[in-house]
Each structure stands twice: as structure tokens, then as C-alpha cells.
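Which chain is which? The protein sequence lines are A and B, in order.
Each residue of the first sequence is one higher than the one before, starting from 1194 at the first, in the working numbering.
Each residue of the second sequence is one higher than the one before, starting from 3 at the first, in the working numbering.
Below: one structure, written as C-alpha cells.
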Amino acid sequence: MSDRPKMIQRAAFGDALVELGEQNPNIVVLDADISSSLYTVRFAKRFPERHINFGVAEQNMLIGAAGLATTGLLPLACTYATFATMRACEQIRSFICYAKLNVKIVCSHGGIEVGWDGPTHQATEDVAIMRSMPNMTVVVPADPVGTAALIRQVVDHVGPTYFRMGRNPVPFIYDKDQQFTIGKAVQLREGEDVTLVAMGVMVYVALEAAELLARRGIQACLLDMHTVKPLDGEALLAAAKSAPLIATLEDHNIIGGLGGAVAEFFSAHKPMSVLRIGVPDVFAESGDPASLFHKYAMDAPSVADRVENALKKLK
Amino acid sequence: MVYDLGLLSTLRHKANQIRQESIRMIAAAGSGHPGGALSEADILAALYFHFLQIDPHNPQWPDRDRFILSKGHACAGLYAALAIRGYFPVETLATFRKFGSILQGHPDMTKTPGVDMTGGPLGNGLGAGVGMAIGARITGRKFRVFVLIGDGDAQEGCTWEASMLAGFHKLSNLVCIYDYNHSQVDGSTYEILSLDPVVEKWQSFNWVVRVIDGHDMGQILDALSWAIESRDSPALIVARTIKGKGVSFMEDQAAWHGKAPNKEQAEQALKELMQEEMT
């Protein structure tokens, strides 16, 4: 597929976290027994007094984060997406979002690209759940550069924030000096035939699909919608001016996530055809991510075909 | 310990006031939870009018002691204590549960001065208190954290996650008071889900535990003094209480968990409470 160098997002996060810990003495990191997996173990070794391992007790970690936030500290609660957003859903909703507490929920293992562990560990509802909570900001970085840059933004941003990463190594998309701003999409490609709006690991898939489409004479605009909430409406409206079709790409159920957010946006602002590409409201299965992405038509060739077909139907 | 009779009688008076205001608020609102508000009143009086290091003029004072009402449904009692203590006018209590009020149906820390943690969904207060106690440790602050839980809280698994962590980390700046009225919405805990043996459960989670009569002001003061002197572990006070305490027809009646008294019932309740005040 790609010759670009790859890196696990969590590793980029873990390195950035140590730097952030040096700069901001209020940062405390909370884990639920998977600090080695989240790469927070580096922070824990450097700042043991500011690291709390709650054991396998996610509800307690999130309610504990709420308590810690009231003492002037800045807690980052770290675990897998399924556990934080579902096991500890009420703690996030009623004690962090409702109480407007400055807690950062940092998760990996978002989406079916988790692969081998199977559907119990593949979070395909997390963005929908987090997005539906008032006061919550939802950030989904696409590559290691975006991960490191956006976690810095998330730490500076005041308010509850959900930060979602994938499991597997992802190709570098951005140069190391690329600038990111919460709430501002990054335009990765220009094109007037279709606009691809992608989040997380699907940004690179969208990039590949756009190249396949270009060979067929279809020019795609591509937006990295790293902030799913608040959505960058300005960028969406600008993209909708030229292209007749918007296609959303997410490693998440097509209900309630990025596709849902974009469809909601256009239903309120401008009638648009929106093709939602993602997990088609099913539980997936164990297996390698490439096979799973192919099965659900989320791989680049499938995406290119689906976009091309959708454009034909519009004519 | 022997207490100044003046202090005991002042605190008993405050508890009675909290009970009366709770009845008035819930009756005026036409909904609310009188049973738990009445059972916790003596404990709230001891905390808000004697033990807590707080400043009603500076509710966000970083070094203040924290209080969390985990059994958030019983917030009429907390709001009454806060108003009487001076966080907001006593007249505000009449707006309880009404549109536009700072006094929500369950505690909202963003709306009510003096409320240190939002609450209502049971089982969460102790975990929030654990977070605060750890926060005090990390920031080097000396404040203490008091969490009031009820039977419903003790049935939630989350309470035990928090209890386990607090015991393991020896959070001696954390005090949990268990308003053990053994009565819940559907009836007695002895019929639904018994919490016994309470003492052994918490001791096995590495807490020090003391059982008291939760309506005996001297015992409450003794127990709170004992709890804050604990140096190596978090302390639990099991306060044996009576749901609906102080109002004859509400006492030990699960039906009064979440039901407002009508006008006549409220008058009767207030009459009884005023009579108790005389004796």
C-alpha cells in the first residue's frame, strides 16, 4: 500500500505527554491497568507522583477524574474507547460534561481497525455517544503528527474533551510543522467533483481513494475533519459550493458519528447528497484490518468505486 | 468526649431547622425526597455548623473542606444546610425544583454555591471524593473530603471500586459517612439487598470503621473527631439512622423515599418538628 513511514498514534501521544508534563505541572495522568498499551507508562516513570493507576475500574477512573479536576489539576483519563465511553458513560455524562469539568478522555482502539480482538474491543459507537453530550469536544487525529499536535491543543482547551486514536501504526500524512486548530478542518486536497470528509485512520484511506479517483478523471477535495465536535461548518459550506456530493469516511458506525454529524449539518444549512462510508450498522468480527475494511467497503478501492457510483446516480 | 451543652443544643437546633426547611421545600415543590433528607439532618448539622472548614462568602476557596452528597436525591437537606449556613438566602429554598432555580432536583455544582460535586446517580460520590482526596495529596493541600452515602450508593458497584482504591492508597484525608437507614424505594434493604455485614465489608477494604447512632449528636461529633484523626486509612462512620426521622408518619416508611407531603401532611410534620424543638 504505502511506502510512507508509519507510527502508532499512542506512541506519538505518549511522547507528547511527557513534554506536556514538563511544561504543565497540573497535568495528572489516570490509567486503568493499560498504561503500557496507552504509552502513558513514559509519563508515569517521569512523573510518578502525578500518575494514578486505578486498576481495571474505568467508572472509578472517570468519576475520580471529575473529583481531581475540582482541585485545580488537569486529569487525562486514558483507556480503550469501548471501556471509557460505554462502561463509564454515565460518569462522563453526568459528572464531567454536565458539571463542565476540565477532564480529558484519551482513548485508543477506536473502530474496527482494532481487528483481531473482535467486536467487544472495537469501538464503533464511541464518537456518537461522546458527540451527543453537551459541553463535549470530540477530537480524532489522523496521523502521528496530528496526534501530537492535537493533544497539545486539547490540553490547552478548557472543557471536557474526548480524544480518539486507533490501534495500529498509521502512515505519516503531515509534515512535522503542520499546524492544527481544534474546530478547523485541514484541507489535504483540492477538487471540485466530490468532497471527501474523513476522520482518524480513514483520512489516509481517503487520500488513497482520491488518487484512484483522479486516475478516473474525478477530482476530490479532501478534508481531515479531526474535530468532529464542534464541526467546521465553514469548511463544509465552502466544499459544498463546488462539489455536488459529500462523502464521509469514518472507522465507526455510519449512524451518529462523523457521517451523522455532517448529514445533520447539511440538513440544517444546505441540501446536499451525503454518502456515508463506515461500518454499516453491524458488529464486525475478528480478523486483520485490511480484510475487515474490504468486507465493509471501507478500503480505498471500494471507497473510490462507491464515490464514482454515487456520482453517476446524481447525474 | 464531653461536649459543651451549648454546642450540642445549637447543633440539634440546626438539625431541626434543616428538617423543617426540607419539609417546606419539598411540600412547596410538590416533589422531592423527604425520607433521606430527614435521616441525614443531624449529620449535616454537625458538618456544616461545626466540622467543615468552609467560607460561605468564598465557596470556591481552594483549601476548603469538601462535602459530597452522594445520595443526591436527599439534596433538600443539603440546600437547607447551605442556606442556613449563609451560602444563599433562606428564601431561595422556596424555589427548589422550580423552573429557573439555582436549586435543581439533584445537586448541580455549576448552579448552587457551596455544592462541591454534582450528584444524583448513585454510587458516584465516593469516587469523586477519592479524586478530590488524591488531588489534595498531589497539590499539597490540607483539606479533608467528607462523602455522605446511603443504602442505594452502597449497592452500586462503583462505590466498591472507590472504596478499594481509597483503602489501597490509605487516603486518610477521606471520611465517608454512611446514612444507614436500611430503607430504599422498594422497601427494606433486608428484603431487597442487604448490605450486612457492613462493618466487615469496609474493614476488609482497608478502612477503619465506627458504628454510631446517627441521630445522637454527641456520638456524631465523637465519630467525626475520630475519623479526621485517622492517619493511615480512610474512615467510615456507619450512622444508624431512621428514614423520615422526626416526623412520626414518615419514620421508617419506604413510601416516603420520594413523595412530597400534601398541605395537611406538611403542616402536621412541621407541628411535630416544632414540638420536638420545644422539648
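For each residue, glycine too, the CB sits at the ideal point set by N, CA and C.
Note that this is a predicted model, so its numbers are computed, not measured.
What residues match up with B/Ile151 in a beta bridge as DSSP calls it?
-> In DSSP, B/Ile151 forms a bridge with B/Tyr180.
Within the chosen definition, does the segment 1250 to 1259 of chain A reach the segment 154 to 168 of chain B through at least 3 CB pairs nearer than 8 Å?
-> The segment 1250 to 1259 of chain A, when compared against the segment 154 to 168 of chain B, does touch it at the 8 Å Cβ threshold.
Which residues does DSSP pair with A/Leu1223 in a beta bridge?
-> A/Leu1223 is bridged to A/Ile1245 and A/Ala1270.
Check whether the Cβ atoms of B/Gly216 and B/Ser103 lie closer than 9 Å to each other.
-> Inclusion of B/Gly216 and B/Ser103 in the CB contact set at 9 Å is not warranted, their separation being larger than that value.
Looking at the structure shown, is A/Asn1446 part of a helix, part of a strand, or coil, going by DSSP?
-> Of the three classes helix, strand and coil, the one that applies to A/Asn1446 here is strand, per DSSP.
Inter-residue CB distance, A/Ala1281 and A/Met1254 (contact presumed, cutoff 8 Å) = Contact flag correct, Cβ pair sits at about 7 Å.
If the cut is a Cβ gap below 9 Å, which residues of chain A does B/Thr141 touch?
-> Ordered by position in chain A, the residues that pass the 9 Å Cβ test against B/Thr141 are Asn1219, Thr1264, Gly1265 and Leu1266.
For chain A, find out if any of its Cβ atoms is closer than 9 Å to the Cβ of B/Val132; answer yes or no.
-> Interface residue, yes.
Taking the beta strand (DSSP E) that A/Gln1380 falls in, what are its first and last residues?
-> Run containing A/Gln1380: Val1379 to Arg1382, per the beta strand (DSSP E) assignment.
Strand pairing of A/Ala1413, partner residues [DSSP] = According to DSSP, A/Ala1413 shares a beta bridge with A/Val1387.
Per DSSP, which residues does A/Cys1300 bridge with? Please list them.
-> Bridge partners of A/Cys1300: A/Thr1272 and A/Arg1357.
Under the three-state DSSP convention, the category B/Gln157 falls into = Three-state DSSP puts B/Gln157 in a helix.
CB contact check: B/Gly102 to chain A, cutoff 9 Å = Answer no: the Cβ-Cβ gap between B/Gly102 and chain A never drops below 9 Å.
Since I believe A/Thr1330 is in contact with A/Gly1352 (beta carbons under 8 Å), could you give me their beta-carbon distance rounded to a whole number of angstroms?
-> Between the beta-carbon of A/Gly1352 and that of A/Thr1330 there is about 6 Å, and that keeps the pair under the 8 Å contact cut.
A/Gly1452 - containing beta strand (DSSP E), residue span = Where A/Gly1452 is concerned, there is no enclosing beta strand (DSSP E), although the alpha helix (DSSP H) around it starts and stops at Leu1451 to His1462.
Helix, strand or coil for B/Ala237, going by three-state DSSP, please let me know.
-> It is a strand residue.
Neighbourhood of A/Arg1243 by C-beta distance below 6 Å, restricted to the same chain and skipping five residues each side = Hits under 6 Å: Val1221.
Flag this pair as touching only if the segment 1440 to 1451 of chain A and the segment 1384 to 1398 of chain A have three or more C-beta atom pairs under 8 Å; answer yes or no.
-> By the Cβ test, the segment 1440 to 1451 of chain A is in contact with the segment 1384 to 1398 of chain A, since at least three Cβ pairs between them sit closer than 8 Å.
Going straight from the alpha carbon of A/Val1234 to that of A/Arg1499, what length do you get?
-> Just so you know, the alpha carbons of A/Val1234 and A/Arg1499 end up roughly 42 Å apart.
Secondary structure at B/Arg212, three-state DSSP: helix, strand or coil?
-> Look at B/Arg212 here: in three-state DSSP terms it is strand.
Beta-carbon separation of A/His1302 and A/Gly1339 under 9 Å?
-> Contact flag unset, no.
A/Phe1171 touches chain B at which residues, Cβ-Cβ below 7 Å?
-> Within the shown structure, residues of chain A are numbered from 1194 to 1508, placing residue 1171 of chain A beyond reach of any answer.
Considering only residues of the segment 103 to 146 of chain B, which uninterrupted alpha helix (DSSP H) runs meet the minimum length of 4 residues and lie entirely inside it, listed in chain order?
-> Counting only runs of 4 or more, we get 127 to 141.
Taking 9 Å as the CB-CB limit, is B/Cys77 close to chain A?
-> Answer no: the Cβ-Cβ gap between B/Cys77 and chain A never drops below 9 Å.
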